[in-house]
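Residues -23 to -1, 1 to 306 (mature numbering (1 follows the signal peptide of the UniProt record, and there is no 0)) are what the sequence shown spells out, left to right. For glycine and all other residues, C-beta sits at the position ideal for the given N, C-alpha and C.
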Amino acid sequence: MLKMKVSTLAFLCTLLPALGVSALPAPSEQFKQFVASYRDEGKDISALYPVEFDRLYQEVKKDFTREELRLVLSKKAGNELDDFHMKKILFMASPNSVSLQRQQHIDWVPKLVNDETLSKGVVFFETYSDTFKLAYERTGVAPADIIAILNWESRLGEQRGQYDVLKMFVGQAFYIDDVERKLNEEGAYAQDGVMARGEALKRIQRIKSRALNNLAVLLIQSKKLGLDPYAIKGSWAGAIGIPQFMPASMGYAADGDGNGSIDLNTVEDSILSVANYLSRNGYHSKGAMYAFKRYNQEEMYMRGVALYSEEIQKRGIKIGPDWNCKNKK
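As structure tokens, this is what we get:
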């Protein structure tokens, strides 16, 4: 799990030598040890995809040498995609991917907005009411809107994704062009109603750019925090934790339980992080609907989240009478 601070670890590193105990390795050394523990090497990404590799290197060069980056990406654990992972790269590269994803969001509305999910949302609010109060007082974001986002993203933490995030970003950043070319050769663009290839290719480039950016952040944070980059799980798109944040959105993550670190696999941190994201993305200046769409650009996502928020408010999930926010920006 991604954590944004390591104050406890840093404290232990300074305390243990004084107690006559060997110090814990620094986070960057832990990271190197994780990488070294994966002995099987696969493709040389730097040689096979030099342009993309260089773009990635330019984003991480303050934290990685070229050889360090090459080594991280050379491990089979990071660059060898099995069918489970490759099927999603194929899905993303498909010229009908956008329409299929739009239909998925339509299909999800009755699955995510119903008596069962709303009842769970009420219990969720009651369980974490203190954190929702904290989130409102700091950001001015209503609890119903936060619950609606978390319900849509991970069913309030029940479904966080089982994909290796590093593999998914490698697939999007380095392999997706090859996958698209194969789809073209197989006649994917000859199907009725699919996106024209010119438009699809522009979309592929946007996917690659986002993936390279997210991959850079993932690697930098993994090294700074001493994480195993190959073990981080998330969605097929690469989103992580209960709020399903992309690595590039980690700047919005916040400490909701006051323990000095941020862990998006904890509910309290997830609640405050979603509130922080919405607040800083037009929630007050342009409205909740605008902020929902900043979280996910799909129209039905925005409408589905808004519907859930509206329905759960009817069940009494509202701003408390003693909740005061002085920071509505």
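Query raised in the report: Tell me, which residues are paired with Tyr140 by DSSP?
Result: Its beta-bridge partners are Gly211.
Query - N- and C-terminal bounds of the alpha helix (DSSP H) containing Ala252 - result: 244 to 256
Query raised in the report: Which value, in whole angstroms, describes the spacing of the CA atoms of Ser106 and Ala125?
Result: 15 Å
Requested in this report: With distances taken Cα to Cα, identify the nearest neighbour of Lys20 among Leu48, Ala177, Ala3, Phe8.
Outcome: That would be Leu48, whose Cα lies nearest to the Cα of Lys20.
Query raised in the report: Excluding sequence positions up to five away, which residues of its chain have a Cβ less than 6 Å from the Cβ of Val(-3)?
Result: Note that Val(-3) scores a pLDDT of 46, beneath 50, so its modelled location is shaky; the value from the coordinates is reported in the next line. Nothing meets the Cβ criterion.
Query raised in the report: Cα-Cα, which of Asp92, Thr108, Ala252, Gly203 is closest to Lys291?
Result: Asp92
Query raised in the report: Nearest CA to the CA of Asp232: which residue from Arg32, Pro220, Met223, Glu245?
Result: Selected option, being the one with the closest Cα: Glu245.
**Report entry** Pair within 9 Å by beta-carbon distance, Gly293 and Val99
**Finding:** yes
Query raised in the report: Just curious, the alpha helix (DSSP H) that Lys263 is in, first and last residue?
Result: Run containing Lys263: none; DSSP gives neither H nor E here.
Query raised in the report: Straight-line CA distance for Met227 to Ile219?
Result: 13 Å
Query raised in the report: Is it right to say Trp164 is buried, meaning 16 or more other beta carbons lie within 10 angstroms of its own, or is it exposed?
Result: In the sequence under discussion, the amino acid at residue 164 is Gly, which differs from the Trp named in the question. By the 10 Å Cβ count, Gly164 comes out exposed.
Query - Exposed unless 16 or more other CB atoms sit within 10 angstroms - verdict on Asn128 - result: Per the 10 Å Cβ criterion, buried.
Query raised in the report: With a CB to CB cut of under 7 Å and the five nearest residues on each side skipped, what residues in its chain are close to Asn236?
Result: none
Report task. Classify Asp84 as helix, strand or coil using the three-state DSSP reduction. Result -> helix
Query raised in the report: For Glu18, which residues does DSSP report across the bridge?
Result: Lys52
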